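> The opening residue of the sequence shown carries number 9 in this note's numbering; numbering runs sequentially from there.
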Amino acid sequence: MPRELRKRGKKHKKSNEHGPSEDQPLQAQKGCHEKPSEPSWIISIPQAEDAHPEALFGYVDPDIKAYFRTVDEQIRAWQEDERQPETDNDDLDPNEAKRLFFVAALNEMTGKEKQLATDPDCSVVLERMAHSMDDFVRRVFIDSLSGSFEALSKHRFASHVCQTLFSVASGSISRETKGILPEVPDTEDKGELRTLTQLVLDICEEFRPSFNSLIMDPFASHVLRSLLLLLCPTVLPEDSSAHKSVRSKKSTSWKVKQGKMKSVFSSDKGDAQDSRALVPSEFRDAAARFLQTLKSGLDANEVRALAANKVASPLLQLVLEIEADQGGASFPGSLMDRVLVGMITAYHSDPDISPEASDYLVTLLRDPTSSHLLETLVSRCPGQAFNLIWKTYFGGNLARLAFHPVANFVVAKAVERLDSSQLGGALDELRSSLSKMTKSSRTGVLRALIDRSCTLESHEKDVCEATFAAVEISSPEHRKELVSCVLLLKSLEEYQALPPAGEPLADTDRKKKSGRKSEAENPREPKIQGALILQSLLRLKEPHCLIVVDSISELSMEDLMGIAHNATSSRVLDAIIESPTVSFKSKRRFTMSLIGHYHTLVDDRIGSRVGDRCWNFADPYLREKIARSLIPFENFLAASFYGKFFARNLNLYLLQRRPEEWKTLQSNNKANAHKAKQPSSQAPTSHSGPSAPGTPVVPKIRSLDEPSKKRSAPEDEIDAVFEAALGNKTKKAAVGHVSAQQARGSMDQQMSEVLGAIHMAPAGQSGRTKKKRKHV
Numbered sequence: 009m010p011r012e013l014r015k016r017g018k019k020h021k022k023s024n025e026h027g028p029s030e031d032q033p034l035q036a037q038k039g040c041h042e043k044p045s046e047p048s049w050i051i052s053i054p055q056a057e058d059a060h061p062e063a064l065f066g067y068v069d070p071d072i073k074a075y076f077r078t079v080d081e082q083i084r085a086w087q088e089d090e091r092q093p094e095t096d097n098d099d100l101d102p103n104e105a106k107r108l109f110f111v112a113a114l115n116e117m118t119g120k121e122k123q124l125a126t127d128p129d130c131s132v133v134l135e136r137m138a139h140s141m142d143d144f145v146r147r148v149f150i151d152s153l154s155g156s157f158e159a160l161s162k163h164r165f166a167s168h169v170c171q172t173l174f175s176v177a178s179g180s181i182s183r184e185t186k187g188i189l190p191e192v193p194d195t196e197d198k199g200e201l202r203t204l205t206q207l208v209l210d211i212c213e214e215f216r217p218s219f220n221s222l223i224m225d226p227f228a229s230h231v232l233r234s235l236l237l238l239l240c241p242t243v244l245p246e247d248s249s250a251h252k253s254v255r256s257k258k259s260t261s262w263k264v265k266q267g268k269m270k271s272v273f274s275s276d277k278g279d280a281q282d283s284r285a286l287v288p289s290e291f292r293d294a295a296a297r298f299l300q301t302l303k304s305g306l307d308a309n310e311v312r313a314l315a316a317n318k319v320a321s322p323l324l325q326l327v328l329e330i331e332a333d334q335g336g337a338s339f340p341g342s343l344m345d346r347v348l349v350g351m352i353t354a355y356h357s358d359p360d361i362s363p364e365a366s367d368y369l370v371t372l373l374r375d376p377t378s379s380h381l382l383e384t385l386v387s388r389c390p391g392q393a394f395n396l397i398w399k400t401y402f403g404g405n406l407a408r409l410a411f412h413p414v415a416n417f418v419v420a421k422a423v424e425r426l427d428s429s430q431l432g433g434a435l436d437e438l439r440s441s442l443s444k445m446t447k448s449s450r451t452g453v454l455r456a457l458i459d460r461s462c463t464l465e466s467h468e469k470d471v472c473e474a475t476f477a478a479v480e481i482s483s484p485e486h487r488k489e490l491v492s493c494v495l496l497l498k499s500l501e502e503y504q505a506l507p508p509a510g511e512p513l514a515d516t517d518r519k520k521k522s523g524r525k526s527e528a529e530n531p532r533e534p535k536i537q538g539a540l541i542l543q544s545l546l547r548l549k550e551p552h553c554l555i556v557v558d559s560i561s562e563l564s565m566e567d568l569m570g571i572a573h574n575a576t577s578s579r580v581l582d583a584i585i586e587s588p589t590v591s592f593k594s595k596r597r598f599t600m601s602l603i604g605h606y607h608t609l610v611d612d613r614i615g616s617r618v619g620d621r622c623w624n625f626a627d628p629y630l631r632e633k634i635a636r637s638l639i640p641f642e643n644f645l646a647a648s649f650y651g652k653f654f655a656r657n658l659n660l661y662l663l664q665r666r667p668e669e670w671k672t673l674q675s676n677n678k679a680n681a682h683k684a685k686q687p688s689s690q691a692p693t694s695h696s697g698p699s700a701p702g703t704p705v706v707p708k709i710r711s712l713d714e715p716s717k718k719r720s721a722p723e724d725e726i727d728a729v730f731e732a733a734l735g736n737k738t739k740k741a742a743v744g745h746v747s748a749q750q751a752r753g754s755m756d757q758q759m760s761e762v763l764g765a766i767h768m769a770p771a772g773q774s775g776r777t778k779k780k781r782k783h784v
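#1: Note down the Cα distance separating Lys469 from Tyr650, rounded to an integer number of angstroms.
#2: Given this structure, state the Cα-to-Cα distance separating Thr301 from Ala294, to the nearest angstrom.
#3: Below 8 angstroms on the Cβ atoms is my contact criterion, and I expect Ile223 with Ala320 to pass it. Report the Cβ-Cβ distance as a whole number of Å.
#4: Enumerate, from N- to C-terminal direction, the unbroken alpha helix (DSSP H) stretches of 4 or more residues contained entirely within the region 469-506.
#5: Tell me, please, whether the region 652-664 touches the region 623-638 by the rule of three or more beta-carbon pairs shorter than 8 angstroms.
#6: With 16 other CB atoms within 10 Å as the buried threshold, where does Leu406 fall?
#7: With a CB to CB cut of under 8 angstroms and the five nearest residues on each side skipped, what residues in its chain are close to Ser482?
#8: Look at the Cβ atom of Ser577, then the Cβ atom of Ile585, and state whether they are nearer than 8 angstroms.
#9: Grouping DSSP H, G and I as helix and E and B as strand, with all else coil, what is Ala410?
#10: In terms of residue numbering, what span does the alpha helix (DSSP H) encompassing Gln82 cover?
#11: Starting from the Cα of Val580, find the closest Cα among Ile603, Tyr606, Gly615 and Asp345 and give me that residue.
#12: Mind pulling the alpha helix (DSSP H) runs of 4 or more residues that sit fully within the region 360-424?
#13: Using three-state DSSP, classify Ala626 as helix, strand or coil.
#14: May I have the straight-line CA-CA distance separating Val386 from Val370, to the nearest angstrom?
#15: What residue range is occupied by the uninterrupted alpha helix (DSSP H) comprising Pro322?
#16: In three-state terms, what does DSSP make of Ala575?
#17: If you draw a straight line from the alpha carbon of Glu184 to that of Val132, how long is it in whole angstroms?
#18: To the nearest angstrom, how far is the alpha carbon of Pro484 from that of Glu566?
#19: Whose C-beta lies closer than 7 angstroms to the C-beta of Leu506 among residues of the same chain, with five residues either side of it excluded?
#20: Where does the unbroken alpha helix (DSSP H) through Gln537 begin, and where does it stop?
#21: Note down, in chain order, each residue of its chain lying with its Cβ closer than 8 angstroms to the Cβ of Ser544, except the 5 sequence neighbours on either side.
#22: Where Gly336 and Ser342 are concerned, what is the direct C-alpha to C-alpha distance, given to the nearest angstrom?
#23: Can you find at least 3 beta carbon pairs, one from the region 395-413 and one from the region 434-446, that sit closer than 8 angstroms?
#24: Taking buried to mean at least 16 other C-beta atoms within 10 Å of its own C-beta, is Ile150 buried or exposed?
#25: Would you call the CB atoms of Leu114 and Val68 closer than 8 angstroms?
#26: Quick one: what does DSSP say Ala337 is sitting in, helix, strand or coil?
#27: If you draw a straight line from the C-alpha of Glu329 to the C-alpha of Leu348, how long is it?
#28: Contact defined as beta carbons within less than 8 angstroms: I believe Lys488 pairs with Ser440. What is the distance between those atoms, to the nearest angstrom?
#29: According to DSSP, simplified to helix, strand and coil, what is Phe165?
#30: Would you mind giving the Cβ-Cβ distance between Glu88 and Lys268, rounded to the nearest angstrom? I have them listed as a contact below 8 angstroms.
#31: Lys652 and Leu658 - do their beta-carbons sit closer together than 8 angstroms?
#32: Would you report the Cα separation of Val491 and Lys270, rounded to the nearest angstrom?
#33: What would DSSP say about Gln570, mapped onto helix, strand or coil?
#34: Under 8 angstroms by Cβ, that's how I've got Lys120 and Ile72 pegged, so tell me the actual separation to the nearest angstrom.
#35: Assuming His230 is part of the alpha helix (DSSP H), what are its boundary residues?
#36: Give the secondary structure of Phe215 by DSSP, where H, G and I count as helix, E and B as strand, and everything else as coil.
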């Protein structure tokens, strides 16, 4: 066979022995699937039902993806560094340069919003750009996605874009509620652009038919949570953990790696996150329609089944919060009544009923996923229902539930709603098991009891006795060890058996950590749970809070410095200064106990913050005592990396040279600190470094090119003669640009004036002046 006719590949048998007939179509001969009327190189766009699930609206062109990858890098650099862009035109404002860049990206995005939202690389670019969009651009962008939000919410990447849009839309909706609308430019496009409020309401209507099925979707459930929080922004406190659970843990950790996402324009820094309560009344009705859809579409068993689902349980918690906020949880047949297995209905039929414990709710107590739902139930259910829950499921079982690794969180949440009699009963029931709870580091119930006692202002003595029982301190002479035992979460006997600080640990005290070498676990390392208990005790009224203050005053200075230099235990010392229930006398005594050791205290990253708090609390008289005690350690503070910032507040140079001026400065700074922490009239020094808010500011140091000021009182009479004779001429001669001959003549004239002034001085001069005159 000739070489030019050879072909590579495996030979196939002919399906037709005689070959294809001439009258067969070309498509059948080649085995192609293209239509006969179209050339073979034309590829038709797949229909919606044939589209790939990862690209519902088509794939993004590679050139477009490369462009948006550049946009992502540029916007991320602006969001992280906050540096102004460099422009060739000096007259162009940096913000204007950003806007031009942003407008170019928006123009390139037009018509490709859905494709970009479903792309794994470009979806994060849309999230980053959403924070910098103004109200008009947000309306246009959300309007371009209208009608496809249900499909986008179920997509792996587009669902996060929807979440981000709902989270940043609160500021625009708040402004629309106030009547502040952006100017809509005149374009040739026909149609009316809906407001963002109307767009959100239309999106709610789009989601409502499939709301019950989307609850179980792993991607759409997060979108629905963001939408419900947009409709009811005040249903949860700002620092609630439910705000953090809008995204899954995996999604949150991935987003953290993307860096900060905020507006790149300086004028948009104060977006209306503080105006989260300003939403139109239609949003409340939209949320109520979602609740009605859920109640009408699911029966009681199906609603209770959502509690154990990891995807649907967080959304069910938010729905119950909204129902309780709108006042519908106390009626029979409500969603909360269904989850509580008809407890609200039973109470309405018989107020004196004592229901039997339900196996369903008992299971919720110990399930890691469903226990969060039970926390919402005990905190938001009606008062009568809570009393039944406490009596049926918690009373008599506290010792066992408070020690459970999951149920103790539910018990701590339930303690926050106890009345005085219920609190006393809980303390009596838990008294025998407190030491066991402390050794296992499950102290959430004890801290909740202390906080509830502080709120009710009752049983404060009982919670103090419970704290002593938790660390097994029985005798009054050992109460001085309270802080040391609670910080380490050890009993008194275990604390006394610890080796002294600095000694090597025994082999039994060593702990092997996975992936690391064998390291010694410090038995004297303070625990976070213990520090939180001490801070709660310091919020009790006197004399109950003094058990912590007196225990700290009994510590040795070495132990006190160890507490102050630790990031965990130092919070206890901060609470002494900040607690409104600790008396001024106790705070002053604690501040004065550190005099003579402030240089050691502030020579540490954590200890310097404690020193700043003590300095801000001190009055001018106490500040002087602290400052004078540090004069011998001035060089030590100047050489310390952290102590030099504390020494800057002291201004020891001014204290040693002009004490009265230093006292006046401290009095003014103390007064300004009480006036909403306004900045001091004095200019700060040229030193760089962090300083605590409200700290006093030292006077400005004169630069080399700045003319010196006249002293108010000359040190000697000869200085007064020279100043009277020369005046400002010396300054002018020093800084003026003159020739050598002019300078020589000026100096001769000044010298003659000085000599004349000296001879004309009065006769009653001091001995030093007479010697000077005779010498001249």
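C-beta: ideal position from N, C-alpha, C; glycine also. All of these numbers come straight from a predicted model, not from anything done at the bench.
Straight from the coordinates:
#1: On the sequence shown, residue 469 is found 461 positions in, with the first residue counted as 1. On the sequence shown, residue 650 is found 642 positions in, with the first residue counted as 1. Answer to the nearest angstrom: the Cα atoms are 41 angstroms apart.
#2: Along the sequence shown, read from residue 1 onward, the residue named residue 301 stands at position 293. Along the sequence shown, read from residue 1 onward, the residue named residue 294 stands at position 286. Approximately 11 angstroms between the Cα atoms of the pair.
#3: Counted from its first residue, the sequence shown places residue 223 at position 215. Counted from its first residue, the sequence shown places residue 320 at position 312. That pair is a contact at about 5 angstroms.
#4: Qualifying alpha helix (DSSP H) stretches, in chain order: 490-496 and 500-504.
#5: yes
#6: For the purposes of this step, residue 406 is identified with residue 398 of the sequence shown, where counting begins at 1. Leu406 is buried by the Cβ-count criterion.
#7: The count along the sequence shown starts at 1 and reaches residue 482 at position 474. Here the set comprises Phe476.
#8: In the sequence shown, counting from the first residue as 1, residue 577 sits at position 569. In the sequence shown, counting from the first residue as 1, residue 585 sits at position 577. For Ser577 and Ile585, no; Cβs fall outside 8 angstroms.
#9: In the sequence shown, counting from the first residue as 1, residue 410 sits at position 402. DSSP places Ala410 in coil when its eight states are reduced to three.
#10: Numbered from its first residue, the sequence shown carries residue 82 at position 74. Run containing Gln82: Pro70 to Asp89, per the alpha helix (DSSP H) assignment.
#11: Locating residue 580 in the sequence shown gives position 572, where the first residue counts as 1. For Val580, the nearest C-alpha among the options comes from Gly615.
#12: 367-374, 378-388, 391-397, 406-409 and 415-423
#13: As a first step, residue 626 must be located in the sequence shown, where it is residue number 618. Here Ala626 sits in coil by DSSP.
#14: Mapped onto the sequence shown, residue 386 falls at position 378. Mapped onto the sequence shown, residue 370 falls at position 362. Computed Cα separation, rounded: 13 angstroms.
#15: Start at 1 with the first residue of the sequence shown, and residue 322 comes out as number 314. Where Pro322 is concerned, the enclosing alpha helix (DSSP H) stretches over Ala320 to Asp333.
#16: Here residue 575 corresponds to residue number 567 of the sequence shown, with the count starting at 1. DSSP places Ala575 in coil when its eight states are reduced to three.
#17: Here residue 184 corresponds to residue number 176 of the sequence shown, with the count starting at 1. Here residue 132 corresponds to residue number 124 of the sequence shown, with the count starting at 1. Cα-Cα distance, rounded: 27 angstroms.
#18: Along the sequence shown, read from residue 1 onward, the residue named residue 484 stands at position 476. Along the sequence shown, read from residue 1 onward, the residue named residue 566 stands at position 558. Spanning the two alpha carbons is a distance of roughly 24 angstroms.
#19: One-based indexing of the sequence shown puts residue 506 at position 498. Pro531 and Arg532, listed in sequence order.
#20: Reading the sequence shown from its first residue, position 529 is the one you call residue 537. Per DSSP, Gln537 belongs to the alpha helix (DSSP H) from Ile536 to Leu545.
#21: As a first step, residue 544 is located in the sequence shown; it is residue number 536 there, counting from the start. These residues qualify, in order along the chain: Arg455, Ile458, Asp459 and Cys462.
#22: As a working note, residue 336 is residue 328 in the sequence shown. As a working note, residue 342 is residue 334 in the sequence shown. Taking the straight line from one Cα to the other gives about 7 angstroms.
#23: yes
#24: Within the sequence shown, the letter at position 142 stands for residue 150. Around the C-beta of Ile150, 16 or more other C-beta atoms lie within 10 Å, and the residue is accordingly described as buried.
#25: Within the sequence shown, residue 114 is the residue found at index 106, counting from 1. Within the sequence shown, residue 68 is the residue found at index 60, counting from 1. In this structure, Val68 does not lie closer than 8 angstroms to Leu114 by Cβ.
#26: As a working mapping, residue 337 is identified with position 329 in the sequence shown. Note: Ala337 maps to coil in three-state DSSP.
#27: For the purposes of this step, residue 329 is identified with residue 321 of the sequence shown, where counting begins at 1. For the purposes of this step, residue 348 is identified with residue 340 of the sequence shown, where counting begins at 1. If you take the alpha carbons of Glu329 and Leu348, they lie about 14 angstroms apart.
#28: The count along the sequence shown starts at 1 and reaches residue 488 at position 480. The count along the sequence shown starts at 1 and reaches residue 440 at position 432. Contact between Lys488 and Ser440 does not hold, since their C-beta atoms are separated by about 25 angstroms, which reaches or exceeds 8 angstroms.
#29: Stepping through the sequence shown from its first residue, residue 165 is reached at position 157. Looking at Phe165 - three-state DSSP - the assignment turns out to be coil, as it is neither helix nor strand.
#30: What you label residue 88 is simply residue 80 of the sequence shown in a count that begins at 1. What you label residue 268 is simply residue 260 of the sequence shown in a count that begins at 1. Glu88 to Lys268, Cβ: 6 angstroms. Contact.
#31: Here the question's residue 658 lines up with position 650 in the sequence shown. Here the question's residue 652 lines up with position 644 in the sequence shown. Contact flag unset, no.
#32: Taking the first residue of the sequence shown as 1, we reach residue 491 at position 483. Taking the first residue of the sequence shown as 1, we reach residue 270 at position 262. The straight-line gap from Cα to Cα measures roughly 43 angstroms.
#33: On the sequence shown, residue 570 is found 562 positions in, with the first residue counted as 1. Position check: residue 570 holds Gly in this sequence, whereas Gln was assumed. Helix.
#34: Taking the first residue of the sequence shown as position 1, residue 120 is located at position 112. Taking the first residue of the sequence shown as position 1, residue 72 is located at position 64. At roughly 7 angstroms, the Cβ-Cβ gap stays under 8 angstroms, so Lys120 and Ile72 are in contact.
#35: Within the sequence shown, residue 230 is the residue found at index 222, counting from 1. That run of the alpha helix (DSSP H) goes Ala228 to Leu239.
#36: In the sequence shown, counting from the first residue as 1, residue 215 sits at position 207. Helix.
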